[in-house]
Amino acid sequence: MKKLFVAVSGASGTIYARRFFQHLPYDDWEVHASISKAAHIVASHEGGLNLPPHVKEWDEKDLTAPVASGSNKFEAMVVIPCSTGTLGKLAHGIADNLITRSGEVFLKERRKLILVPRETPLSLIQIKNMELLTLAGAHIIPATPSFYGQPKTIEDLVDTVIARVYDHVGIDAAVSKRWRAEESEKKKDHSEL
Numbered sequence: 012m013k014k015l016f017v018a019v020s021g022a023s024g025t026i027y028a029r030r031f032f033q034h035l036p037y038d039d040w041e042v043h044a045s046i047s048k049a050a051h052i053v054a055s056h057e058g059g060l061n062l063p064p065h066v067k068e069w070d071e072k073d074l075t076a077p078v079a080s081g082s083n084k085f086e087a088m089v090v091i092p093c094s095t096g097t098l099g100k101l102a103h104g105i106a107d108n109l110i111t112r113s114g115e116v117f118l119k120e121r122r123k124l125i126l127v128p129r130e131t132p133l134s135l136i137q138i139k140n141m142e143l144l145t146l147a148g149a150h151i152i153p154a155t156p157s158f159y160g161q162p163k164t165i166e167d168l169v170d171t172v173i174a175r176v177y178d179h180v181g182i183d184a185a186v187s188k189r190w191r192a193e194e195s196e197k198k199k200d201h202s203e204l
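In our numbering, the protein residues as written are 12 to 204.
Okay, structure coming up:
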């Protein structure tokens, strides 16, 4: 079974984390998580964040968690949403909690580290931090929904971002419409005749 570490930091956008956990195919993934103190505060204002019972939660101060060591093989780490404070710490090697320590491990081990910032506008410092992290191997996927699938609800919009994050992790789950996917399927069907 593949292992995934999901961190929730203190940016607005708890719904992104909530939907991320709701769609996960738990039969294929062993999921570990850490929710920062700030994320708990934000979540209390944004409808809450209840982790599914099969997610192993680690306190953000617990640096003995398996994900804090490169000797434990995790396929990917996702920080969703990722505060610009967490982004800045990761960009500059400040490993002062489980989330930033684990991010440092993923960068040094060349494993998938996916950061989902939800902040606007961005300062030059934040843009440079994203550049540094991209150069170090992280994937930056801003929480920017797409509209071509004609979303009807806020959840539909959020799921367009979740689908992109899942693609980068390597999670196979149909959570949102893909651009012109119906046309591709029709062409495929006709070619098989």
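All C-beta atoms, glycine included, are put in the ideal place defined by N, C-alpha and C.
Could you name the residues that DSSP lists as bridge partners for residue i?
{"i": "M88", "result": "F16, L124"}
{"i": "A44", "result": "V17, E68"}
{"i": "I151", "result": "L126"}
Within a Cβ cutoff of 8 Å, which residues of the same chain sit near residue i, ignoring the five residues on either side of it in sequence?
{"i": "W69", "result": "H43, A44, S45, A76, V78, L109"}
{"i": "G4", "result": "This structure leaves residue 4 out entirely; the chain is present only between 12 and 204."}
{"i": "R121", "result": "G148"}
{"i": "K119", "result": "G81"}
{"i": "T145", "result": "I151"}
{"i": "D107", "result": "K100"}
{"i": "H65", "result": "Y37, V42"}
Tell me which residues share the same chain as residue i and place their Cβ nearer than 6 Å to its Cβ, disregarding the 5 neighbours each side in the sequence.
{"i": "P156", "result": "L168, T171, V172"}
{"i": "N83", "result": "P77"}
{"i": "A87", "result": "L15, K123, V180"}
{"i": "F31", "result": "I91, I173"}
{"i": "Q137", "result": "T95"}
Taking residue i and residue j to be in contact with their CB atoms under 8 Å, please state how far apart those CB atoms are, rounded to whole angstroms.
{"i": "A22", "j": "R129", "result": "5 Å"}
{"i": "V89", "j": "V17", "result": "5 Å"}
{"i": "S187", "j": "G160", "result": "6 Å"}
{"i": "G59", "j": "I26", "result": "Between I26 and G59 the Cβ distance is about 10 Å, and since that is not below 8 Å, they are no contact."}
{"i": "K67", "j": "W40", "result": "Contact flag wrong, Cβ pair sits at about 11 Å."}
Give the single residue among the options whose Cα lies nearest to the Cα of residue i.
{"i": "L98", "options": "L124, P63, A87", "result": "L124"}
{"i": "G96", "options": "E57, S47, K72, L74", "result": "S47"}
{"i": "E166", "options": "K13, G24, D73", "result": "G24"}
{"i": "L62", "options": "A87, K163, V19, L101", "result": "V19"}
{"i": "V53", "options": "D73, P92, A184", "result": "P92"}
{"i": "T111", "options": "E71, R191, P162, R29", "result": "E71"}
{"i": "A50", "options": "D73, S94, A154, L74", "result": "S94"}
{"i": "V189", "options": "P64, I182, F158, T164", "result": "Checking the displayed sequence, the identity of residue 189 turns out to be Arg instead of Val. With distances taken between Cα atoms, R189 lies closest to F158."}
{"i": "S55", "options": "R29, D183, A185, H65", "result": "R29"}
{"i": "P132", "options": "A154, D107, A106", "result": "A154"}
{"i": "L74", "options": "F85, P64, S113, H65", "result": "S113"}
{"i": "F117", "options": "F85, I136, I182", "result": "F85"}
Take residue i and list the residues in its own chain whose beta-carbon comes closer than 7 Å to its own, dropping the five residues that flank it on each side.
{"i": "A102", "result": "N140, L143, L144"}
Taking contact to mean 3 or more Cβ pairs, one atom from each stretch, closer than 8 Å, check whether the region 140–150 and the region 23–39 are in contact. No, because fewer than three Cβ pairs between the region 140–150 and the region 23–39 fall closer than 8 Å, the two stretches do not touch.
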